[in-house]
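Structure first, commentary second.
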């Protein structure tokens, strides 16, 4: 339970507004319910209808939560009622969202300590309480576990969320995990995203293009060339030839619309799935999540990403981290990959094959500038139908 952590006892979740404190608690409550535990959720800010609506938007089913809307101005009355509520309902998990207004006034400290030590801890109830950063520090001292949430944004506006463990009873602290909050998927830690392992797909197009990469498209391949050099047409040719040979192909287009790619594919009498990639800074986490979902659910033999430059223009330095993660996942999943770029942004050093396109008097020249297997030819000139001559 507890977002991949066994946080037992009293846990303080600290962060500025909007960092994801409530979302993290929703995930914990969701996991507790799935494990058959009883959950009592105490909210000082919102009613049950809004709570359930927000949870559903994140993909969490929390109808089974015992919800108490505790809008009370007097801390003593709150704590007394809470202890009665706990005695009546006997929850396994208690969420307090938030304790900050309850400990700011006179006597708030003693009331909270009394509740924790007299009833909650002896009852072996796991308590998760959200805490604003300006809350009196004694709250953190009394907690068994302290979790801090952070939200920063890059120059491009890409949100960077992380959860850091300051201390955890019986567990090592002092480490952080990246996450994002994704519609219908909830709070997702990036280190939880794993590809389903698979045997490497060796994709043969049945054309002379195979000879440039050692006989077949295996591993990760980049098509590099300036604007107008024919990268998209060549990528479509590879995808169409692979599809015609029975391989499952998924084509991700960052520039052209799906209908444009399918129109090009008609020239080669083949059809395959085409996805339009809409890349915006706020959707970085969703972009990562959807990639893993794609390769795990669609299970393609060949994935084509046409126009990867867009990711670098939109995400800045985060795009390199993103693509290194994706290249590694594709290798583990056994999916052959072809990407097109005008500029490699350093990725050429980390892929298996690089084919460079350039226009010459005789036509478009394709050169094998890098191949992890010995190519059967190192260059060719593309014909009008993109065959090698």
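Numbering (the UniProt record's numbering), first residue to last: 1 to 389. Glycine residues also receive a C-beta, built at the ideal position from the N, C-alpha and C atoms. Only a predicted model underlies this, so the values are computations on that prediction, with no experimental measurement involved.
Scanning 177, 10, 342, 360 for the CA closest to the CA of residue 141 turns up 10. In this chain, residue 107 is not harboured by any beta strand (DSSP E), its DSSP state being neither H nor E.
Nearest neighbour of residue 161 by Cα position, chosen from 177, 193, 170, turns out to be 177. The three-state reading of DSSP puts residue 245 in coil, since its state is none of H, G, I, E or B. At the C-beta level, residue 386 and residue 292 stay beyond 7 Å of one another.
DSSP places residue 337 within a strand segment (E or B) once states are collapsed to three.
Residue 357 holds the alpha-carbon nearest to the alpha-carbon of residue 341 among 331, 329, 357. Beyond the five residues adjoining it in sequence on each side, residue 298 comes within less than 6 Å, by CB distance, of 250 in the same chain, given in chain order. Counting other Cβ atoms within 10 Å of its Cβ, residue 323 reaches 16 or more and is therefore classed as buried.
Residue 229 has its alpha-carbon roughly 13 Å from the corresponding atom of residue 361. Under the three-state reduction of DSSP output, residue 372 falls in the coil class, being neither helix nor strand. The Cβ neighbour count for residue 252, taken over all protein chains shown within 10 Å, is at least 16; the residue is labelled buried.
Residue pairing by DSSP places residue 68 opposite 42 in a beta bridge. A check of alpha carbon separations from residue 181 across 159, 170, 196 identifies 159 as the nearest.
Here residue 50 carries a helix assignment [DSSP, helix/strand/coil]. Per the coordinates, the alpha-carbon of residue 374 lies some 16 Å from the alpha-carbon of residue 366.
In the three-state DSSP reduction, residue 195 falls in the coil class, being neither helix nor strand. For residue 388, no beta strand (DSSP E) run applies, since DSSP gives it neither H nor E. Residue 381 is bridged by DSSP to 365.
Assignment of residue 159 by DSSP, reduced to helix, strand and coil, places it in the strand class. In the DSSP annotation of this structure, residue 87 is not part of any beta strand (DSSP E); the continuous alpha helix (DSSP H) holding it starts and ends at 75-89. Burial of residue 41 is indicated by the presence of at least 16 other C-beta atoms within 10 angstroms of its C-beta. For residue 129, DSSP records a beta bridge to 12, 96. Under the DSSP assignment, residue 175 falls in the beta strand (DSSP E) whose first and last residues are 175-182. Sorting 163, 368, 331, 239 by C-alpha distance to the C-alpha of residue 195 places 331 at the top. Here residue 349 is exposed: its Cβ has fewer than 16 other Cβ atoms, across all protein chains shown, within 10 Å. If you draw a straight line from the Cα of residue 317 to the Cα of residue 309, it comes to about 12 Å.
If you look at residue 306, you'll find it isn't in any alpha helix (DSSP H); it sits in the beta strand (DSSP E) that goes 302-306.
DSSP places residue 271 in the coil class of the three-state scheme, outside both helix and strand. Taking 8 Å as the upper bound for CB-CB distance, residue 294 and residue 338 are not in contact here, some 15 Å apart. In this structure, residue 245 lies near residue 206, with their beta-carbon atoms less than 7 Å apart. Between the alpha carbons of residue 314 and residue 271 lies a gap of roughly 30 Å. Contact between the segment 211-223 and the segment 271-291 is absent: fewer than three C-beta pairs spanning the two stretches fall below 8 Å. CA-to-CA, the gap between residue 18 and residue 151 works out to about 8 Å. Around residue 208, the same chain offers 380, 387, 388 as residues with beta carbons nearer than 7 Å, after the five sequence neighbours per side are excluded. Three or more pairs of CB atoms, one per stretch, sit closer than 8 Å, so the segment 62-80 contacts the segment 42-50.
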